[in-house]
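Going by the working numbering, the sequence shown opens with residue 18, and the numbers climb by one from there.
Comments concern the structure below.
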Amino acid sequence: MYDRRKQKVNDNKLILNCSSAGDKRFSALYARVRLWGETKTIEEWYQTSKVFISPEGREYQASTWREGKGKKPVKIRIGGKELPVELLSEFYYALWYIYLKQNSYLVKYLKEFEDFVDPFARPGCNSQAEAIRRFLEGKEVHPELKFLTEAGKIE
């Protein structure tokens, strides 16, 4: 039976579709992370932590993930801390790192695959497939974002 989460391509590699059209457990729209006792999807944490400047010159954060999606922030604000926008990709990775640490049973499943694909990823944007690859390669969370692993009770 066909499983849309898994596919074989070119050199017959087993590839996991990390998206809402594939295995939803690896889609930022469905993967849920618990920080400071609050649970949200990775997409919600990521998009609502972006800080923007209104036309009137006031800072604001997106109240929903859709409001922040595709917009360039001036900084990140989460857990009472402000971070430079240059850490945006590292922040996205940290959320995936925490998710996979909080759901360690999924890591064994991920190791069955030779590669990962996110068919909705755009060039120059963060990709859940890339974040998963980095995790499996043993990449640690950026030092300035370690407070997130503590908030997620990850050691």
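Glycine is no exception: its CB is placed at the ideal position from the N, C-alpha and C atoms.
The beta carbon of E99 sits closer than 8 Å to the beta carbons of V68, K92 and I93 from its chain, once the five residues preceding and following it are set aside; these are given in chain order.
If you draw a straight line from the Cα of Q64 to the Cα of V102, it is about 12 Å long. S106 and T81 have their C-alpha atoms some 19 Å from each other.
DSSP places V124 in the helix class (H, G or I) of the three-state scheme.
In this structure, W113 is the residue among P160, W113 and G169 with its C-alpha nearest to the C-alpha of A146. In this model, R139 and S71 are separated by some 26 Å (Cα to Cα). With contacts defined as CB atoms closer than 8 Å, A79 and L162 fail to qualify as a contacting pair.
Within 10 angstroms of the beta-carbon of D135 lie 16 or more other beta-carbons, which makes it buried. Where T56 is concerned, the enclosing beta strand (DSSP E) starts and stops at E55 to T58. Taking 8 Å as the cut-off, the Cβ atoms of A148 and Y109 count as close. Closest in alpha carbon position to L165, among Y126, G87 and Y116, is Y116. Per DSSP, reduced to three states, the secondary structure at F130 is coil, with no helix or strand assignment.
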